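Enquirer: One structure coming up, written as structure tokens, with questions to follow.
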Amino acid sequence: MLLISISSKVDYNVIAKSCNLWRNFDDINSSWKSILSIIDYYDHHQDKHIPTHGPGHWHDPDMLVIGNSGITLNMAIAQMTIWSIWSAPLIMSNDLRKIAPEFQKILLNRDVIAIDQDPMGKMGRLAANVSGISAYVKPITPLYGSESSFALGFLNRNNRTIDVKFKLKNLGLTSRSGYLVKDLWNPIPPIRLHQNDSLEIMVPATGAAMFRAVLVGPNRMLKENRVIGKLINRIPLDF
Numbered sequence: 001m002l003l004i005s006i007s008s009k010v011d012y013n014v015i016a017k018s019c020n021l022w023r024n025f026d027d028i029n030s031s032w033k034s035i036l037s038i039i040d041y042y043d044h045h046q047d048k049h050i051p052t053h054g055p056g057h058w059h060d061p062d063m064l065v066i067g068n069s070g071i072t073l074n075m076a077i078a079q080m081t082i083w084s085i086w087s088a089p090l091i092m093s094n095d096l097r098k099i100a101p102e103f104q105k106i107l108l109n110r111d112v113i114a115i116d117q118d119p120m121g122k123m124g125r126l127a128a129n130v131s132g133i134s135a136y137v138k139p140i141t142p143l144y145g146s147e148s149s150f151a152l153g154f155l156n157r158n159n160r161t162i163d164v165k166f167k168l169k170n171l172g173l174t175s176r177s178g179y180l181v182k183d184l185w186n187p188i189p190p191i192r193l194h195q196n197d198s199l200e201i202m203v204p205a206t207g208a209a210m211f212r213a214v215l216v217g218p219n220r221m222l223k224e225n226r227v228i229g230k231l232i233n234r235i236p237l238d239f
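Printed below as a string of structure tokens:
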């Protein structure tokens, strides 16, 4: 693997031809302010970053600070959510000998890791801001024809819990057959929603919520993709 640390003025198309991974912003530290500054930078430059991000050539927003001092559980979930929406490298910076079990659980969430490591390697996009909540959308597998499934991330930058409602079609989820939507941070049974339905979310203060919305397709195709998901051990589809 080739790794490069670069300045902000660069042609990513050129870099991607010979480099697998690159840093392009300030070093992270164990603070909410630092995490948000990186998210702000990536949001602002997403139209430039997304086309040059994918298998073999990755933008690196820096290490995970989950489990380090100064980071709450909500902040840890927020960073893990957004980094996984971006298909970013999940490089830990903590002391594994001392990490608390609750932070270890965040780092070992298989459903969230599967979103980060989805075979398509797409970088998710900031799609909307509603009531102080930033909504991110990432195309993922399984695919049916020209339609994809999606991962959804919702970031709360505020110091209070916010209840918000998003209509699926406003986030680009427009399949007429609908989606099976699963909460990836809470053990809640999945629900079936259609494009005109709304997803009602309570997003914790300085935290995030994350969902996987899997296309509802023909039974035969769904069964085949369940088998594929188990074989590659990337996208568990057992609802």
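One point on numbering: in this note's numbering, the residue at position 30 of the sequence shown is 30, and numbering is uninterrupted. For each residue, glycine too, the CB sits at the ideal point set by N, CA and C. These figures come from a predicted structure and were not determined experimentally.
Return the first residue and the last residue of the alpha helix (DSSP H) that M75 is part of.
Expert: Segment 73-85, the alpha helix (DSSP H) holding M75.
Enquirer: Would V130 pass as a contact of K165 if the rule is Cβ separation under 9 Å?
Expert: Cβ distance < 9 Å, so V130 and K165 count as in contact.
Enquirer: Which class does I28 belong to by DSSP, given the choice of helix, strand or coil?
Expert: Coil, per DSSP.
Enquirer: So, for I201: in the same chain, excluding its five sequence neighbours on each side, which residues have a beta-carbon less than 6 Å away from its beta-carbon?
Expert: Excluding residues within five positions, the ones whose Cβ falls inside 6 Å are F154, V164, A209.
Enquirer: At 3 residues or longer, what runs of the beta strand (DSSP E) sit wholly inside the region 139-196?
Expert: You should have 147-156, 162-167, 179-183, 191-193.
Enquirer: Going by DSSP, which residues form a beta bridge with G132?
Expert: According to DSSP, which records beta bridges pairwise, G132 is partnered with nothing at all.
Enquirer: Let me confirm a value: T174 is counted as buried when at least 16 other C-beta atoms fall within 10 Å, else exposed. Which label applies?
Expert: T174 is exposed by the Cβ-count criterion.
Enquirer: CB W58 to CB W83, shorter than 9 Å?
Expert: No, Cβ-Cβ distance for W58 and W83 is not below 9 Å.
Enquirer: Beta-carbon within less than 7 Å of N13's beta-carbon, same chain only, minus the 5 sequence neighbours each way: which residues are those?
Expert: Around N13: T52.
Enquirer: Can you look up I38 in the DSSP assignment and give me helix, strand or coil?
Expert: Helix.
Enquirer: Give the DSSP-derived three-state secondary structure of I91 in the structure shown.
Expert: Coil.
Enquirer: On a CA-only basis, which of N159, W185, F103 is nearest W32? Give me that one, please.
Expert: W32 has its Cα closest to that of N159, out of N159, W185, F103.
Enquirer: Is the beta carbon of S93 closer than 9 Å to that of I28?
Expert: A contact, by the Cβ cut-off of 9 Å.
Enquirer: Report the three-state DSSP secondary structure of A213 (helix, strand or coil).
Expert: In this structure, A213 counts as strand in the three-state DSSP scheme.
Enquirer: Rounded to whole angstroms, what is the Cα-Cα separation between Y42 and V10?
Expert: Answer to the nearest angstrom: the Cα atoms are 15 Å apart.
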